[in-house]
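The sequence shown begins at 1 in the UniProt record's numbering and counts up one residue at a time.
Have a look at the structure below, then the notes.
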Amino acid sequence: EPPTHLLAEVLTCQRDTPSLDLSLTLDGQRLYSFDFPGSRWLPALPDLPPLPPALETPAELRLDVELCRDVLDLLSPQASGVLPEARGTPVVQVFPTLPPALGEANTLVCLVENIFPPALDITWTQGGVPVTQGVTQEPFTPTPELTFWTLSHLEVTPERGDIFACLVTLQGNNASVVTYWVAPEPLEVPELSTVLCGAVMALGGVLGFLGFSLLLLSR
1 EPPTHLLAEV LTCQRDTPSL DLSLTLDGQR LYSFDFPGSR WLPALPDLPP LPPALETPAE
61 LRLDVELCRD VLDLLSPQAS GVLPEARGTP VVQVFPTLPP ALGEANTLVC LVENIFPPAL
121 DITWTQGGVP VTQGVTQEPF TPTPELTFWT LSHLEVTPER GDIFACLVTL QGNNASVVTY
181 WVAPEPLEVP ELSTVLCGAV MALGGVLGFL GFSLLLLSR
């Protein structure tokens, strides 16, 4: 039986930032996102072909946006104070794209999952100091579980003792989740002369013990 795949088009409208988002995903991976100011679909990967303009015209998409906002304006006052607000607790991981080595350029990735609603801010620090240079962030991507995930990247050249942190702050209640990445300590490799000296001393001790044992046996 062939595997089952899920192709989904998800429109998000909310009062937080970003107020609008439209994504076309396959199995929870973003393929295209819609650029509302430019009225065009943007591929998530450079190798993806452009979507046919007639597949869904900007005029049709504007009708979907108006409907989404009308439903939001209608239901929000009625649900406020009656239904509990749905919020997910972000799960954050930080890892390098390459095997880390001190003094060599690398990129740290901050993967944030279990996002709902898609309204949060991601910041980086190094040694407790905010870092803005070399930072990029991808759009929110919806999942089949009705949550979102996103990635933030930080270009680094780690040195000994560096501590980087990815801070995720939820909009609205300012709750935060922070995850750290520490530059690895270099492996200490003993000098060859020290190793050989230790081996010779150990061998000498063993031979001396054997000689003393044979002397006792001969008596």
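Beta carbons: idealized from backbone N, C-alpha and C, even for Gly.
_In chain order, each beta strand (DSSP E) run of at least 3 residues that lies wholly inside the stretch 126-199_ = 129-131, 135-137, 148-156, 163-170, 176-182
_Beta bridge counterpart(s) of Thr57 as assigned by DSSP_ = Answer by DSSP bridge pairing: none, since Thr57 is not bridged.
*With Trp181 and Leu108 assumed to form a contact (beta carbons below 8 Å), what rounded beta-carbon distance in angstroms separates them?*
6 Å
*asked:* Under 8 Å, with one C-beta from each stretch per pair, do the stretch 111-123 and the stretch 68-83 reach the 3-pair mark?
replied: no
*Using DSSP with H/G/I as helix, E/B as strand and the rest coil, what is Asp47?*
coil
*asked:* If the criterion is Cβ atoms closer than 8 Å, does the pair Ile122 and Cys166 meet it?
replied: yes
*Starting from the Cα of Glu145, find the closest Cα among Thr25, Cys13, Arg15, Gly103 and give me that residue.*
Thr25
_Glu159 versus Ala183: straight-line alpha-carbon distance, rounded_ = 7 Å
*Drop a sphere of 10 angstroms on the beta-carbon of Arg40, count the other beta-carbons inside from all chains shown, and report buried for 16 or more, exposed for fewer.*
exposed
*Near Val195, which residues of its chain fall below 6 Å by C-beta distance, leaving aside the five closest residues on each side in sequence?*
Confidence is the limiting factor: at Val195 the pLDDT is only 43, short of 50, which leaves the residue's position unreliable and the question unanswerable from this model.
_DSSP three-state assignment for residue 222, whether helix, strand or coil_ = Nothing in the structure corresponds to residue 222, since the chain is present only between 1 and 219.
*Nearest-angstrom Cα separation, counted from Asp27 out to residue 220*: A question about residue 220 goes unanswered here, because the residues of the chain that appear run from 1 up to 219.
*Could you tell me which of Gly127, His153, Val129 sits nearest to Thr136, measuring between CA atoms?*
His153
*Report the residue ranges of all beta strand (DSSP E) runs contained in full by the stretch 79-128; include only those spanning at least 3 residues, in chain order.*
91-96, 106-115, 120-126
_Rounded C-alpha distance that separates Ser193 from Pro186_ = Residue placement at Ser193 is poorly supported in this model, since its pLDDT is 43, which falls under 50; the coordinates still yield a value, given next. In a straight line, the C-alpha of Ser193 is about 20 Å away from that of Pro186.
*Distance between Ala175 and Gly128 (C-alpha atoms, nearest Å)*: 18 Å
*Chain-order list of residues whose beta-carbon lies under 6 Å from that of Pro96 (same chain, five-residue window excluded)*: Asn106, Leu108
*Same chain, Cβ closer than 6 Å to Glu9, five either side skipped, listed in chain order*: Leu24
*Measure the alpha-carbon distance for Ile163 versus Gly103 and round it to whole angstroms.*
14 Å
*Output the distance between the C-alpha atoms of Phe140 and Pro37, rounded to the nearest integer angstrom.*
18 Å
*How about Leu151 and Glu138: do their beta carbons lie closer than 8 Å?*
yes
*Cβ shell of Thr157 (< 6 Å), same chain only, five flanking positions each side left out*: Ala105
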